Amino acid sequence: MTTRLRSAAIWLWNWIRNFRNMSRIEVLVLAGIVAVLVMLLWSEPQWASSGEREVPIRIVLSDAATEQPIAGAQVGVYLPFTPERPPAFSTALWNQILPQHLATTNQAGNALVAMTFRTGASHRQPVPHVHLNGAFVAVEALGFAPCVVPLGYPALPVARVNELQELVVPVRLSRLAPQER
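Residue numbers for the sequence shown follow the numbering used here, so the first one is 65 and each next one is one higher.
Here's what the structure looks like:
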């Protein structure tokens, strides 16, 4: 037996012999310390991270009946409640959309809007995700019924959003009847 092993064995033997002479309070304190150490060693580490990611959103607008693109339509992407814009009870929809999230469709019926979304990861979901749920697309075109549709994407991994480069949201509008115009 080496000297270190022998000295460790002697120390352990002396500690066990002294353990018998401990009072009940000392034993309870020692048991509590051991229990806390065991819980710390076996517990799963808990962590979370967050950030933001700008996501380009392409809105593809077409006539529901003819499937022809609609040019010159006003489109906007918005989150109902954000830190910049707390909930308001009596505001018009277009007043809630920030100017940088508004666009007009081109001749092909496309509009590109970049919006910043929150990202997050945790010990339960270690892959970082972009939280897209809760966003809406509002569309208004002359001669068509205006509409608001959900963005239609769940929380996606950041790597998948990078791979897609832009999210495509197809929207089809119905024409208004002549008496509704």
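Idealized CB from N, CA, C, for every residue including glycine.
Since we're looking at a predicted model, the values are computed, not measured.
Check, Outcome
"Distance between L101 and R81 (C-alpha atoms, nearest Å)", "23 Å"
"Nonlocal neighbours in the same chain, by C-beta distance under 6 Å from C211, ignoring five residues either side", "V203"
"P109 to V225 span [Cα, whole Å]", "28 Å"
"Completely contained beta strand (DSSP E) runs for the segment 155-238, where each covers 3 or more residues", "166-168, 174-186, 200-204, 211-214 and 231-237"
"Separation of A112 from D127, as counted between CA atoms", "44 Å"
"Residues bridged to Q138 [DSSP beta-bridge criterion]", "T168 and E204"
"Per-residue DSSP class, three states only, for E90", "helix"
"Inter-residue spacing [alpha-carbon to alpha-carbon] between A223 and R117", "11 Å"
"Beta-carbon gap between L196 and L220 smaller than 8 Å", "yes"
"Other residues of its chain near S186: CB distance less than 6 Å, five sequence neighbours each side excluded", "A112"
"Beta-carbon contacts of L166 that lie in its chain and below 6 Å, excluding the five residues immediately before and after", "G140"
"Three-state secondary structure (DSSP) of A129", "coil"
"Rounded Cβ spacing between V233 and V194 (contact assumed at less than 8 Å)", "Not quite, the Cβ-Cβ distance comes to about 15 Å (not below 8 Å), so this is no contact."
"Where A112 falls: helix, strand or coil (DSSP)", "strand"
"Inter-residue Cα distance where the pair is Y217 and E230", "12 Å"
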